[in-house]
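Inspection log for the structure reproduced underneath, given as structure tokens.
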Amino acid sequence: MDINARKKQRASLAKKARDILDAAQADGGRRLSGEESETFDRLMADVDGHDQDIAREEQLRAKERRIDDGPEDQPARENNGPDASGASGDGERMAAFRQYLIGGRASLNPDQARTLQAGSDPEGGYLVAPQRWVSELLKGLDDEVFLRSWATVEQLTEAASLGVPTLETDLNDAEWTTELATGSQDDSLRLGKRELTPNPLAKRVKVSRKLLRLTSGRAESIVRDRLRYKFAVSTEKAYMTGDGNKKPLGVFTASTMGISTGRDVTVGSIAADEQDINADGLIDMKYTLKAGYMSRARWLFHRDTVKRIRKLKDSEGVYIWRPGLATDRPDTILDLAFGMSEFAPNTYTAGQYVALLGDFSKYWIADALNMEVQRLVELYAETNQVGFIGRLETDGMPVLEEAFVRGKVAA
Numbered sequence: 001m002d003i004n005a006r007k008k009q010r011a012s013l014a015k016k017a018r019d020i021l022d023a024a025q026a027d028g029g030r031r032l033s034g035e036e037s038e039t040f041d042r043l044m045a046d047v048d049g050h051d052q053d054i055a056r057e058e059q060l061r062a063k064e065r066r067i068d069d070g071p072e073d074q075p076a077r078e079n080n081g082p083d084a085s086g087a088s089g090d091g092e093r094m095a096a097f098r099q100y101l102i103g104g105r106a107s108l109n110p111d112q113a114r115t116l117q118a119g120s121d122p123e124g125g126y127l128v129a130p131q132r133w134v135s136e137l138l139k140g141l142d143d144e145v146f147l148r149s150w151a152t153v154e155q156l157t158e159a160a161s162l163g164v165p166t167l168e169t170d171l172n173d174a175e176w177t178t179e180l181a182t183g184s185q186d187d188s189l190r191l192g193k194r195e196l197t198p199n200p201l202a203k204r205v206k207v208s209r210k211l212l213r214l215t216s217g218r219a220e221s222i223v224r225d226r227l228r229y230k231f232a233v234s235t236e237k238a239y240m241t242g243d244g245n246k247k248p249l250g251v252f253t254a255s256t257m258g259i260s261t262g263r264d265v266t267v268g269s270i271a272a273d274e275q276d277i278n279a280d281g282l283i284d285m286k287y288t289l290k291a292g293y294m295s296r297a298r299w300l301f302h303r304d305t306v307k308r309i310r311k312l313k314d315s316e317g318v319y320i321w322r323p324g325l326a327t328d329r330p331d332t333i334l335d336l337a338f339g340m341s342e343f344a345p346n347t348y349t350a351g352q353y354v355a356l357l358g359d360f361s362k363y364w365i366a367d368a369l370n371m372e373v374q375r376l377v378e379l380y381a382e383t384n385q386v387g388f389i390g391r392l393e394t395d396g397m398p399v400l401e402e403a404f405v406r407g408k409v410a411a
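Residues 1 to 411 in full-length UniProt numbering are what the sequence shown lists, from first letter to last.
Quick look at the structure:
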């Protein structure tokens, strides 16, 4: 199913879910029955499934557009046969293993025995069933890390820090005057500075030489990939909620150096039987942001918050969430695109932040050292292991608070 058809099907499912809520609202605003709740939840689960499929397709298309010079670098080839996939070697092992099952060890010729031998025991070696070590790792879905792609990233080559000038106090407006007059003197202009100082981030892991040898280098590729991803997770968490102490300052952290509490808007309240956000609060957030930022502004939520928002209506009874139907149009909330992060806050208690809207180009990241992985060969030679050290030096912070608005839950 192509992406347009999938979006139309998702819109149809969302419409059915809306009809259920509309029917309950028209019937005196009653609560949903058990059957209605079950149907609604099933429809929303199907919509969420389409969301994931659409997101994957859009992510793939975006990556394909970025590829100009052919496929990305592949792991180094090893002498494993005609190609780097190890298909030839696996075929030989499968044939030898079938022979072993039929006729036992005595039926194997020396080459077949060596193909299946993975070690030595007191009788000269044991045989193992052939397994293919592939570059795909069986694991849970990686949480998406994307704020860095929204932000402004600067590379430091010589300086130890990056100073960003800020306008703390502006001049008064110009005055209408005569041809010969120069206007009154204005001493109100005041400049400040936001300073980003890259902080070190590191991780070390050890891998058996035997594993690296038996997997033809694919284990090493997985180790490197996991190090890169874990570094991305650590920085993403800091970009969201970091306190700025030897780490980036997060957008959900109230600070006079980043986004102060003066940019907070109440988006919901905690009552005896209610823990939710409301459409009026999100509308207030949107129009707290100046119009000049709107063209680049995006919402940022945890998926738990989006789940709540999808059930909200504005004062006219219209759902504020809109599914995108065209391939170049994302889903929107109050006509603005949104992103979901597993690292955004999702605690719905008094005083907690649950939403953010802003122009993320005003979140700056300064790198003094790009992510690098160092291979240690000799250090762990006595234990027959190879070490890998990942290093990164980076910092980040919001540099212009008026480009952001934060939503919090009130008591």
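Just so you know, even glycine gets a beta-carbon here, dropped at the ideal spot from N, CA and C.
1) So the alpha helix (DSSP H) residue 214 belongs to, where does it begin and stop?
2) Mapping the DSSP letters down to three states, classify residue 32 as helix, strand or coil.
3) Please classify residue 406 as buried or exposed, where buried requires at least 16 neighbouring CB atoms within 10 angstroms.
4) Residue 194 and residue 397 look like a contact to me (Cβ under 8 Å); what is the Cβ gap, rounded to whole Å?
5) Is it the case that the stretch 204 to 216 contacts the stretch 362 to 369, given that we only count it when at least three CB pairs across the two stretches are under 8 Å?
6) List the endpoints of the continuous alpha helix (DSSP H) containing residue 9.
7) On the DSSP letters alone, give me the boundaries of the alpha helix (DSSP H) that residue 379 sits inside.
8) Assign residue 239 to buried or exposed, taking buried as 16 or more other Cβ atoms, counted over all protein chains shown, within 10 Å of its Cβ.
9) Whole beta strand (DSSP E) runs in the stretch 191 to 255 with 3 or more residues, listed along the chain?
10) For residue 44, collect the residues of the same chain with a Cβ closer than 7 Å to its Cβ; drop the 5 residues on either side in sequence, then sort them by chain order.
11) Are the Cβ atoms of residue 409 and residue 269 separated by less than 8 Å?
12) Rounding to the nearest angstrom, what Cα-Cα distance links residue 308 and residue 276 in this structure?
13) Once you ignore the five residues that flank residue 294 on each side, which residues in its own chain have a CB closer than 7 Å to its CB?
14) Tell me which residues share the same chain as residue 46 and place their Cβ nearer than 7 Å to its Cβ, disregarding the 5 neighbours each side in the sequence.
15) Per DSSP, what kind of secondary structure is residue 143 in: helix, strand or coil?
16) Buried or exposed: where does residue 341 fall if 16 or more other Cβ atoms within 10 Å of its Cβ makes it buried?
17) Under 6 Å Cβ to Cβ from residue 278, same chain only, skipping five residues before and after it: list those, please.
18) Within its chain, find whatever has a CB closer than 8 Å to the CB of residue 164; leave out the 5 residues flanking it on each side and keep chain order.
19) Here's a check: name, in chain order, each residue in its chain whose Cβ is nearer than 8 Å to the Cβ of residue 151, leaving out the five neighbours to either side.
20) Across the stretch 304 to 323 and the stretch 370 to 379, are there enough close Cβ pairs to call them in contact, namely three or more that are closer than 8 Å?
21) So the candidates are 11, 356, 372; which of them puts its Cα closest to the Cα of residue 412?
22) Using the C-alpha atoms, what's the distance from residue 112 back to residue 215?
23) Does residue 178 come out as helix, strand or coil in the three-state DSSP assignment?
24) Report the residue from 50, 306, 347, 282 whose alpha carbon sits nearest the alpha carbon of residue 2.
25) How big is the Cα-Cα spacing for residue 230 and residue 222?
26) Pick helix, strand or coil for residue 318, following the three-state DSSP scheme.
27) Only counting the same chain, and skipping five residues up and downstream in sequence, which positions put a Cβ closer than 6 Å to that of residue 302?
28) Can you say whether residue 93 is buried or exposed, counting buried as having 16 or more other CB atoms within 10 angstroms of its CB?
The relevant details are as follows:
1) Bounds of the alpha helix (DSSP H) holding residue 214 are 209 to 214.
2) Reduced to three states, the DSSP call for residue 32 is coil.
3) Residue 406 is buried by the Cβ-count criterion.
4) Indeed they touch by this definition, with Cβ atoms about 6 Å apart.
5) No, because fewer than three Cβ pairs between the stretch 362 to 369 and the stretch 204 to 216 fall closer than 8 Å, the two stretches do not touch.
6) Per DSSP, the unbroken alpha helix (DSSP H) holding residue 9 starts and ends at 3 to 26.
7) Bounds of any alpha helix (DSSP H) do not take in residue 379, whose DSSP letter is neither H nor E.
8) Residue burial annotation: residue 239 is buried, with at least 16 other C-beta atoms found within 10 angstroms of its C-beta.
9) Within the stretch 191 to 255, the complete beta strand (DSSP E) runs of at least 3 residues are 199 to 208.
10) Closer than 7 Å at Cβ, skipping near neighbours: 17.
11) Contact flag set, yes.
12) In a straight line, the C-alpha of residue 308 is about 7 Å away from that of residue 276.
13) Contacts found: none.
14) Excluding residues up to 5 positions away in sequence, 13 lie with their Cβ nearer than 7 Å to the Cβ of residue 46 in the same chain.
15) Correct three-state label for residue 143: coil.
16) Burial call: buried.
17) Same-chain partners within the cutoff: 268.
18) A distance below 8 Å between beta-carbons, with the five flanking residues on each side excluded, links residue 164 to the following residues of its chain, in chain order: 193, 194, 195, 196, 364, 399.
19) Taken in chain order, the residues that qualify are 239, 360, 361, 363, 364, 365, 396.
20) Contact fails: fewer than three Cβ-Cβ distances are below 8 Å.
21) This structure gives no information on residue 412, because the portion of the chain shown stretches from 1 to 411.
22) Residue 215 and residue 112 have their alpha carbons spaced roughly 19 Å apart.
23) In the three-state reduction of the DSSP assignment, residue 178 falls in the coil class.
24) Taking only the C-alpha atoms, the option nearest residue 2 is 50.
25) For the pair residue 230 and residue 222, the Cα-to-Cα distance works out to about 12 Å.
26) Three-state DSSP puts residue 318 in coil, outside helix and strand.
27) So the qualifying residues of the chain are 344, 346.
28) Counting Cβ neighbours within 10 Å, residue 93 comes out buried, since at least 16 surround it.
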